[in-house]
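**Student:**
Following this line, the structure appears as structure tokens:
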């Protein structure tokens, strides 16, 4: 009998999520749908409009959902003083490349946020959506926030080997995730943001990696390539931390808690409170009133 690895991962994530405390209470939390029917969750820290951030969860393109990242989104909304719109995009292997990118692009076009953020595979989706929108004429957010992102699906960076055993994100599992997302190995180079020939004219980027993460080097390499292409970049490698530190590790690790505070401060300083065209500045209410 073949194992349903994707199903096991999804069930395990749901169980782990049930053990975490709820995030901070907010003025408004609402479930809704995108125009194409994608499940969304809107978080507001204030009754007054705040800049809008679209958030794309991690999970190797295979698992996690609105519930697994609810606490993370609540904390981002409260600590960064932004509205957050979380997206439950389609998952692999049922929906391989480029389905989740299509979903991210659809939401970004509709919501027109000031920022797009994601952890791990969600960081990959955030920057791939920005590349698509740039190539197709926008609209682009002003800021992309990439936390421990996948950027090289060829898995050829040194940290894949150096940190691929004993640090949470196993290299063999990473290879399996990649195969679910892009089944044909021949297509993985072209599907990697790190290997895109032109990274110019993309949003300002906050890229944060972790010292003991197999994805560390590809995140760092992507930050360098963005900077070389003239994109404004804030980059930091968090010492002593592993992949996934954004997801609840602050509860048990003072180092992770401090890293979270640095990310919150970065976002507060980088996210525009008013874009030149006002994009995302009125939160999701501005989108709804324009419909």
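Numbering (the numbering used here), first residue to last: 234 to 524. From the three backbone atoms N, C-alpha and C, an ideal C-beta is built for every residue, glycine too.
#1: For residue 337, tell me which candidate among 315, 326, 311 and 365 has the shortest Cα-Cα distance.
#2: For residue 385, name the three-state secondary structure that DSSP assigns.
#3: How many angstroms separate the CA atom of residue 474 from the CA atom of residue 335?
#4: Mark residue 385 as exposed unless 16 or more other C-beta atoms lie within 10 angstroms of its C-beta, in which case mark it buried.
#5: So for residue 503, helix, strand or coil by DSSP?
#6: Where residue 405 and residue 498 are concerned, what is the direct C-alpha to C-alpha distance, given to the nearest angstrom?
#7: Do the CB positions of residue 381 and residue 476 come within less than 8 Å of each other?
#8: Three Cβ pairs or more, each shorter than 8 Å: is that satisfied between the region 461-472 and the region 410-422?
#9: Could you check the C-alpha separation between residue 387 and residue 481 for me, to the nearest Å?
#10: From residue 524 to residue 267, what distance separates their C-alpha atoms?
#11: Taking the alpha-carbon of residue 348 as reference, which of 329, 315 and 395 has the nearest alpha-carbon?
#12: To the nearest angstrom, how far is it from the Cα of residue 340 to the Cα of residue 301?
**Tutor:** Looking at the coordinates:
#1: 365
#2: coil
#3: 32 Å
#4: buried
#5: helix
#6: 34 Å
#7: Taking 8 Å as the Cβ cut-off, residue 381 and residue 476 qualify as a contacting pair.
#8: no
#9: 29 Å
#10: Note that residue 524 scores 40 on pLDDT, short of 50, meaning its location in the model is unreliable; the coordinates nonetheless yield the value given after this. Cα to Cα, residue 524 sits roughly 12 Å from residue 267.
#11: 315
#12: 20 Å
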